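The structure appears right after this line, and notes come after that.
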Ligand code: GRF
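Residue numbers (my numbering): 13 to 208.
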């Protein structure tokens, strides 16, 4: 069994999709959902699903490393092997990526390297590109610059609205991200010989 932590800041639809996939697979665990936004809907989703929550806020003027130290303490205490960023809106620093030894993967709503950053969906939509899609990447020190693990695309239908495109992107995310998370956890489990 491998142990996952999910970091999220918002609605939590991808967190819910991951939780459902892990529950169905019966071989890995979500140790906790970490959120940086008090009152975010994802906290309610986690409570409904019986997943422990950790709220860690970024206070104004506080060095990022002080916040990340708290995160790493939680990860270590719970023996977490890997982190999935599912709509986590803060950038993790190189310090975090060195302090936490396991893989960190992120979901992004565009075909990277196109449209990195927080407006991936809107920028994809306005681009006029005929193919839109999503990326799952291994997190590195840049903004959405890490190696791509998987990308999935779809062809835009003429006249589609932003809301329609957004819905198709989310549907693709819910299908692909849990699969990648499971694959990562299976690899970790294989590497550790399933002995944990
Ligand atoms: C997703 O579109 C993801 O690609 C982006 O943030 C959004 C999170 O949505 N990084 P949700 O909170 O999982 O519904």
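The beta-carbon is built from N, C-alpha and C at its ideal position, and this holds for glycine as well. Just so it is clear, the structure is predicted and the values come from calculations on it, not from any experiment.
- Residue 44 is positioned such that its CB atom lies no closer than 8 Å to that of residue 28.
- Here residue 180 is not near residue 142, since their CB atoms are 8 Å or more apart.
- The region 42-57 makes no contact with the region 115-131; the number of CB pairs closer than 8 Å stays below 3.
- A Cβ-Cβ contact shorter than 8 Å links residue 149 with residue 158.
- Contact between the region 13-24 and the region 98-113 is present, with at least three C-beta pairs closer than 8 Å.
- Rounded to whole angstroms, residue 110 and residue 116 show a C-alpha spacing of 11 Å.
- Assignment of residue 163 by DSSP, reduced to helix, strand and coil, places it in the strand class.
- A distance below 6 Å between beta-carbons, with the five flanking residues on each side excluded, links residue 137 to the following residues of its chain, in chain order: 174, 177.
- Assigned with DSSP and collapsed to three states, residue 68 falls in coil, not helix or strand.
- By the neighbour-count definition (other C-beta atoms within 10 Å, threshold 16), residue 52 is a buried residue.
- Residue 117: member of the beta strand (DSSP E) spanning 116-120, first to last residue.
- Counting the other CB atoms within 10 Å of its CB gives residue 24 a total of 16 or more, which places it among the buried residues.
- If you draw a straight line from the Cα of residue 201 to the Cα of residue 171, it is about 46 Å long.
- Contiguous alpha helix (DSSP H) elements confined to the region 122-185 occur at 132-139, taking only those with 4 or more residues.
- With a cutoff of 7 Å, residue 54 counts as near ligand 1, since its C-beta is closer than that to a heavy atom of the ligand.
- Residue 89: member of the alpha helix (DSSP H) spanning 76-89, first to last residue.
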